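What follows is a single structure, written as structure tokens, with notes after it.
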């Protein structure tokens with residue numbers, strides 16, 4: 152009947168089941184329902200035999216190639232992995248199955264499976280399992296299920312819906328066959344495959360997906376060992392999926408919401424940790440539930456635990472807290488003076504440093520939470536007394552050893568250390584800076600003591616010796632602020648007049664030696680006035696010596712210039728031949744050191760000899776020029792010169808040797824005259 156319908160008839164009288172029932176009725180009293188059931192049974196056999204197909208509620212015959220292709224597809228074996236992959240494609244996008252879900256301020260990792268096959272991670276905080284072809288009943292699944300696994304029991308309605316199941320299986324066969332057969336032997340086969348793929352797409356979008364989406368609302372769930380009925384979860388699709396996930400997380404991580412209001416990011420954690428503790432912050436506020444849980448757990452672990460182990464415990468079931476939340480709780484226990492912190496066996500590790508290390512995964516096994524050390528009141532009082540002895544600062548007594556430890560080591564000691572470093576920087580090039588360095592090194596060693604008891608013991612034991620160093624340094628600090636400029640003047644004076652000191656009288660040389668010793672002294676404070684007086688006395692002696700030398704040197708050079716002027720006049724030579732007297736005498740007048748004036752005085756004889764030589768050379772040149780002109784005049788008249796050409800030998804300068812010692816006898820004078828006569 153279907154095959155005999157013309158295409159024009161099919162537009163108004165399609166090959167639907169109802170029309171087939173109408174055509175098959177032969178009696179007026181025909182039982183229509185029974186006939187319909189018989190026809191459906193026959194149609195099912197024809198479809199199974201790949202003779203006809205259903206499309207949009209109409210039945211059509213395959214063409215010859217489609218019949219052959221249909222048989223090939225029917226014989227294709229589909230594995231469970233392909234079924235799972237197809238179901239994953241249908242469900243995961245619609246339900247928005249992600250690798251993480253945010254709950255109670257934390258991101259929980261999800262492992263997603265379909266019929267036991269993993270499609271999303273191998274490890275996570277919870278597992279979501281979709282069972283489709285698993286026919287295990289609900290109670291058995293609940294009995295054998297793990298606490299962290301949530302099962303979506305799709306199989307309950309999927310396996311019972313024969314039409315859906317067979318439609319899905321046929322869809323998978325077509326998909327698998329067309330995916331594995333991308334080359335076509337004939338054009339007809341290519342067209343047939345394209346037709347099958349097109350029909351398959353219509354089937355998945357028009358029948359399979361809508362049916363699955365509709366029936367999803369009837370799905371039961373197994374959370375751990377608990378069965379969740381469909382009517383216990385609201386919403387549909389992605390909303391329903393999220394709601395049941397939250398229900399499951401609430402069951403598995405039943406304490407997760409306790410940490411919901413705690414810091415969830417590193418920035419929030421650091422901001423909270425940096426908050427300074429106020430007097431009533433913790434006295435009026437009892438432990439929060441998360442703080443009590445962690446504190447009690449540490450107590451059960453012999454009162455100390457590695458941070459890595461603590462994080463592993465409270466990140467897992469039944470807590471599910473974030474790393475930063477757990478670290479924050481530890482910081483609160485520290486601020487409450489309930490716990491102390493260590494790093495690589497360094498006791499009483501600073502909280503800020505501890506938190507920064509805790510944010511580095513590789514450091515967590517080196518960080519530990521330990522009990523607060525009890526310190527005797529006597530030792531606390533001794534340490535406070537030691538501090539007063541050293542720095543003359545009063546600290547209010549307290550029975551809490553951590554309070555003065557925080558005040559002295561972490562606050563005041565750091566301030567003192569930094570202050571003395573600044574002081575040393577201003578005088579680090581001076582010999583007395585060694586005392587400041589000694590004090591700074593001592594304070595730095597104290598800063599490195601992280602254990603309160605040892606810190607207090609050290610403070611008490613070393614109070615007397617360190618107090619002496621502090622007194623010296625304080626005097627040096629006052630000296631630097633009040634007298635460093637004057638000290639620098641003495642220093643520059645010694646450096647500038649070092650050579651001049653050697654030309655002073657013995658008494659002044661001894662004073663200069665004292666001043667040099669003073670500049671190497673590491674504590675110039677007590678004798679500073681005395682050495683300032685010595686400096687003034689030496690300045691006066693040097694000034695007088697300079698005045699005396701300058702007068703003698705000027706007198707000597709004035710005599711030299713007078714002699715040179717006479718020599719130049721006698722030889723009719725201009726004064727420009729030798730040095731200008733005003734310039735030379737002015738230069739000598741400006742000399743301001745004993746050494747320069749002494750050298751200038753020693754050079755006077757050489758100066759005179761050089762100037763005389765210049766005058767005589769100039770005179771010789773003038774005379775030679777006159778002779779050359781006279782001879783040239785004779786030659787110009789044509790006369791022959793009378794006799795040989797007249798020449799003049801240039802003057803020769805002699806340098807007489809100096810006496811090697813003072814000539815005190817007639818014999819010594821005669822010997823010296825004989826020596827110079829032989830030159």
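In my numbering, the protein residues as written are 152 to 830.
Glycine included, C-beta positions come from ideal geometry on N, C-alpha and C.
Here the structure is a predicted model, which is why all the values come from computation and not from measurement.
Option nearest residue i by Cα separation, candidates the options
i           : options            : result
residue 580 : 672, 566, 570      : 672
residue 518 : 533, 676, 525, 500 : 500
residue 685 : 715, 725, 640, 729 : 640
residue 542 : 624, 397, 600      : 624
residue 495 : 505, 488, 486      : 505
residue 459 : 508, 174, 414, 563 : 508
residue 290 : 697, 302, 787, 283 : 302
residue 681 : 535, 696, 665      : 665
residue 586 : 237, 611, 620, 602 : 620
residue 234 : 270, 220, 207, 259 : 270
residue 759 : 717, 781, 783      : 717
residue 771 : 731, 784, 753, 724 : 724
residue 218 : 340, 389, 433, 616 : 340
residue 711 : 568, 730, 697, 636 : 730
residue 752 : 709, 332, 600      : 709
residue 114 : 670, 643, 578, 645 : Past the edges of the chain, shown from 152 to 830, lies residue 114, and the structure says nothing about it.
residue 618 : 544, 497, 720, 644 : 544
residue 287 : 565, 299, 373, 298 : 373
residue 390 : 246, 413, 377      : 246
residue 602 : 613, 589, 526      : 526
residue 332 : 455, 227, 412      : 227
residue 698 : 818, 674, 678, 746 : 746
residue 267 : 253, 304, 252      : 304
residue 366 : 351, 463, 387      : 387
Beta-bridge pairing of residue i - partner residues as DSSP gives them
i           : result
residue 374 : 301, 377
residue 277 : 261
residue 150 : Lying before the first or after the last residue shown, residue 150 is absent from the chain, which here runs from 152 to 830.
residue 494 : 497, 518
residue 254 : 257
residue 456 : 520
residue 167 : 209
residue 282 : 304
Minimum Cβ-Cβ distance from residue i to chain B less than 8 Å
i           : result
residue 488 : In the displayed structure, chain B is absent; only one protein chain is listed.
The beta strand (DSSP E) enclosing residue i, as first and last residue numbers
i           : result
residue 320 : Here residue 320 belongs to no beta strand (DSSP E); instead the alpha helix (DSSP H) covers 313-331.
residue 500 : First-last for residue 500: undefined, no H or E at that position.
residue 449 : First-last for residue 449: 440-451, but that is the alpha helix (DSSP H), not the beta strand (DSSP E).
For residue i, the first and last residue of its enclosing alpha helix (DSSP H)
i           : result
residue 364 : 360-366
residue 428 : That residue, residue 428, is in no alpha helix (DSSP H); it is neither H nor E in DSSP.
residue 603 : 603-612
residue 586 : 584-598
residue 525 : Element bounds for residue 525: n/a, residue is neither H nor E.
residue 571 : 565-578
residue 394 : 388-403
residue 482 : 474-486
residue 344 : 338-354
residue 553 : 553-556
residue 691 : 679-721
residue 291 : 289-295
- Okay, do the segment 470-490 and the segment 402-413 touch, 3+ Cβ pairs below 8 Å being the bar? Three or more Cβ pairs closer than 8 Å define a contact, and the segment 470-490 meets that threshold against the segment 402-413.
- Ignoring anything shorter than 4 residues or poking outside the segment 629-661, list the alpha helix (DSSP H) runs there in chain order. 649-652
- 3 or more residues per run - each beta strand (DSSP E) lying fully within the segment 177-232: Listed in chain order, the complete beta strand (DSSP E) runs (minimum 3 residues) inside the segment 177-232 are 203-206, 209-212.
- Kindly confirm or deny that the segment 655-668 and the segment 703-718 touch, where touching means at least three C-beta pairs closer than 8 Å. No: fewer than three Cβ pairs fall under 8 Å.
- Contained alpha helix (DSSP H) runs [length at least 4] in the segment 738-793, N- to C-terminal order: 745-753, 755-788
- Query: When the Cβ atoms of the segment 395-402 are set against those of the segment 315-325, are three or more pairs found closer than 8 Å?
  - Reply: no
- Message: Closer than 8 Å is the cut-off here; do at least three beta carbon pairs connect the segment 445-456 with the segment 293-301?
- Response: no
- Can we say the segment 764-778 touches the segment 738-754, given the rule of at least three CB pairs closer than 8 Å? The answer is no - the segment 738-754 does not touch the segment 764-778, with fewer than three Cβ pairs under 8 Å.
- Query: Counting Cβ pairs, one atom from each stretch, are 3 or more of them under 8 Å apart for the segment 164-182 and the segment 220-230?
  - Reply: no
- Are three or more beta carbon pairs between the segment 271-281 and the segment 411-427 nearer than 8 Å? Of all C-beta pairs linking the segment 271-281 to the segment 411-427, fewer than three are shorter than 8 Å, placing the two stretches out of contact.
- Task: Decide yes or no for the touch test of the segment 529-547 against the segment 600-613: beta carbon pairs closer than 8 Å, at least 3 of them.
- Result: yes
- Should the segment 249-269 be regarded as contacting the segment 345-365, the criterion being three or more beta carbon pairs within less than 8 Å? Note that the segment 249-269 does not touch the segment 345-365; fewer than 3 beta-carbon pairs, one per stretch, sit closer than 8 Å.
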